[in-house]
Amino acid sequence: MSFQVIVGSIFILLSTAFVPLYVRIIFIFCRNSEYKPHRSYRLMAQIGLTQIATFPGQAFVGLAVILGYDPLGMGSILMKIMSSARKAEALLSVALAYERLIIICRFREVPHLILILTCSAWLAASINVAVLCSPWTDFFVNPSQYGASYDKSLPWTAAFATVSYFHMMLAAALSFSSYLIIIAHLLYQKIATKSTKIELNEKSIFLQAFIRFLGDITSTSLFHIARLSHIKSADAVRIFTTLVYIASNLIFPPTISVIVSRRLRRKVLYSSETSSIRVEDIAIRNTSRGDALKMHYAIYLNPESTSTCGQIQLVKSTPKSNNPLASSSSSLNAKSAQFQHDFNLALFNHSHSFCRIRVYHGSTFFFCHFKASSRARFLAPCPHRHRHSYTLVNSEPHMEETINNDVKSHIIALVKSRENLWKVKTRGYKIDNKKVEDYQEIADEINKLHGLSITGS
Numbered sequence: 007m008s009f010q011v012i013v014g015s016i017f018i019l020l021s022t023a024f025v026p027l028y029v030r031i032i033f034i035f036c037r038n039s040e041y042k043p044h045r046s047y048r049l050m051a052q053i054g055l056t057q058i059a060t061f062p063g064q065a066f067v068g069l070a071v072i073l074g075y076d077p078l079g080m081g082s083i084l085m086k087i088m089s090s091a092r093k094a095e096a097l098l099s100v101a102l103a104y105e106r107l108i109i110i111c112r113f114r115e116v117p118h119l120i121l122i123l124t125c126s127a128w129l130a131a132s133i134n135v136a137v138l139c140s141p142w143t144d145f146f147v148n149p150s151q152y153g154a155s156y157d158k159s160l161p162w163t164a165a166f167a168t169v170s171y172f173h174m175m176l177a178a179a180l181s182f183s184s185y186l187i188i189i190a191h192l193l194y195q196k197i198a199t200k201s202t203k204i205e206l207n208e209k210s211i212f213l214q215a216f217i218r219f220l221g222d223i224t225s226t227s228l229f230h231i232a233r234l235s236h237i238k239s240a241d242a243v244r245i246f247t248t249l250v251y252i253a254s255n256l257i258f259p260p261t262i263s264v265i266v267s268r269r270l271r272r273k274v275l276y277s278s279e280t281s282s283i284r285v286e287d288i289a290i291r292n293t294s295r296g297d298a299l300k301m302h303y304a305i306y307l308n309p310e311s312t313s314t315c316g317q318i319q320l321v322k323s324t325p326k327s328n329n330p331l332a333s334s335s336s337s338l339n340a341k342s343a344q345f346q347h348d349f350n351l352a353l354f355n356h357s358h359s360f361c362r363i364r365v366y367h368g369s370t371f372f373f374c375h376f377k378a379s380s381r382a383r384f385l386a387p388c389p390h391r392h393r394h395s396y397t398l399v400n401s402e403p404h405m406e407e408t409i410n411n412d413v414k415s416h417i418i419a420l421v422k423s424r425e426n427l428w429k430v431k432t433r434g435y436k437i438d439n440k441k442v443e444d445y446q447e448i449a450d451e452i453n454k455l456h457g458l459s460i461t462g463s
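Take the sequence shown: its letter number 397 is residue 403 in our numbering, and every next letter is one higher.
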C-alpha cells in the first residue's frame, strides 16, 4: 500500500467520522425547545453548518490523493465551497463571541449588530464563491500537495489570498479577545466573591475559545505562509495543515461540545434517557389534621422530543388516615395534575399545550385528558383506568434556579389560559364543566372532594 493511499484514507476517515455526531448536535440546537429560542444556539447551529460544509471537500481531497487526480473536478468545486464556508464561520464566530459578551458580561447590545454580522458572514461566503469561480482566480485540488492551492498564474490570486488571510486572522483575533474579556470578567467575579473555585462552564468557555483560536491561527498561517514558501519537508507540512483543518472544523467542535455539556451529551448519546427537574418550591400543609402536603413541580426533558413535560404533584401523607376515599392498605394518597407543553424556560406556548389530570386512590388510577390547540379550545375528556404506582424521579439541579423563579406564574398562567374546562371524576364525586379562573378554585374543589386544606398561592 502506497504512502498516498494511507494519507488519503486518513483524510477520508477523519473528515467523515464525526459528521453524524455534529449533525445530531445541530439538529438538537434547531429543534429542541430548550435550545431553539436562544440566539446563541442559533448562531452555534449556523457555525456548525459552515463547518460541516467543509466535510465534502476534505473527503474529496483524500480521494484525489488516493487516485492521484481530481475526478471530474468535483474536489475543486467542493473546496471552493469549503473556503467560502470558512469565511462565513469566521464572522459567525465573532457574532457568537459578542452574544456571549452581552449575556455573561452584560455588555450593552448595539442594535442589530449581530444580525449585521450574520448577514455579512453569508454575504462574504457568497462573494468568495463568486470570485473563486471567476476566470481571474482559482482554488483547486492539488493531489501532489495533499490539499488545495491557489492558481498563482491568475491576476487576482495574490490579492485575494492576502484579503482572505487578513479576514481569517482578524476574525480569529476579535473572537479570542472577546473570550479573554469574558474570562477576565469571570475571574473578577471570583475575586470579588472571594471564591477560588473555577466552575466547569468557565473552563469550557476558555477551552473552546482557545482551541478554536489555536486551530484557526495554525491552519491559516500554515496554508498562507508555509504552502507559499519552499521549505524542507514540505509534504509533511502540507499533510499536517490538512489534518489541522479537519480537526479544527470537524473533530474538535462536536467532541468538545459533548464533553463539556452533560445536558447535551445526554440528548446526543443517550436519546432514550429521560432527565427531570424537581422543584419543591411550593410546600403546603393540611391544617385540619396536620398532615404534610407538598406540591412538586417536575419537568421531564426528553431528548427525543421538542416538547417538555411538566408535572404538578400534590402528596398527602396519611399514615392513619380517616379519609374514606383512601385505600386502607395505602399510606400515600396522591392527587396530581399533569400538563405537557412547549417549555422554553420562560413561557408556555398555549397553542400547543395539553393538560392532564390524574387522581390516585390506592392502586386505582383515573385519567382525564384535555388538549388545547389553535383551532379548538379543548377536546372532550377521555377517561381511562389503569393500576400502577407512580414515582417521581430524581432531580437535575442544573436548571432548578430557572424553573424555580417562574414556576408559580406558569401554573397560574396555565389555568387562566384559554378558559380551559376541567373534568375530574372520582368515585361518585364530580367536577363537571368547571371554568377555572384561578388555581385556588382547583384547590377548593380538591378540598371539597377529599377534606383537605390546600391553598393555591
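By construction, the Cβ of each residue, glycine as well, lies at the ideal position given by its N, Cα and C atoms.
Item	Value
How would you label Lys93, buried or exposed, when you count the other beta carbons within 10 angstroms and need 16 or more for buried?	buried
What does DSSP give as the partner residues of Phe33 in its beta bridges?	Its beta-bridge partners do not exist; DSSP assigns none.
Within a Cβ cutoff of 6 Å, which residues of the same chain sit near Ser181, ignoring the five residues on either side of it in sequence?	Ser99, Val100, Ala103
Going by other Cβ atoms of all chains shown within 10 Å of its Cβ, with 16 needed for buried, is Asp144 buried or exposed?	buried
Would you give the residue range spanned by the alpha helix (DSSP H) that Phe17 belongs to?	9 to 23
Any idea if Ser263 is buried or exposed, counting beta-carbon neighbours within 10 angstroms, 16 or more meaning buried?	buried
Thinking C-beta only, is Gln10 closer than 9 Å to Val71?	yes
Could you tell me if Gln195 is buried or exposed, where buried requires 16 or more neighbouring beta carbons within 10 angstroms of its beta carbon?	exposed
Are Ile187 and Leu107 touching if we call contact CB-CB under 9 Å?	yes
Here's the rule: buried if 16 or more other CB atoms are within 10 angstroms of the residue's CB, otherwise exposed. What is Ile83?	buried
Which class does Ala59 belong to by DSSP, given the choice of helix, strand or coil?	coil
How is Gly54 classed by DSSP in three states: helix, strand or coil?	helix
For the beta strand (DSSP E) holding Ala253, just list the boundary residues, first then last.	No beta strand (DSSP E) holds Ala253; DSSP gives it neither H nor E.
Assuming Val274 and Arg30 make a contact with CB atoms under 8 Å, what is their CB distance in whole Å?	5 Å
Check whether the Cβ atoms of Leu160 and Ala127 sit closer than 9 Å, and answer yes or no.	no
Report all residues from its chain with a CB closer than 6 Å to the CB of Phe113; omit the five preceding and five following residues, and keep chain order.	Leu107
What would DSSP say about Tyr156, mapped onto helix, strand or coil?	strand
With which residues is Phe146 paired in a DSSP beta bridge?	Ser155
Report buried or exposed for Tyr218, applying the criterion of at least 16 other Cβ atoms within 10 angstroms of its Cβ.	Reading off the sequence shown, one finds Arg at residue 218, where the question assumed Tyr. So Arg218 ends up on the buried side.
For Leu138, count neighbouring Cβ atoms within 10 angstroms of its own Cβ and tell me buried if that reaches 16, exposed if not.	buried
Compute the Euclidean distance between the alpha carbons of Ala298 and Arg37, then round it to the nearest angstrom.	Because Ala298 carries a pLDDT of 33, less than 50, the predicted location of this residue cannot be relied on, and no value is offered for it.
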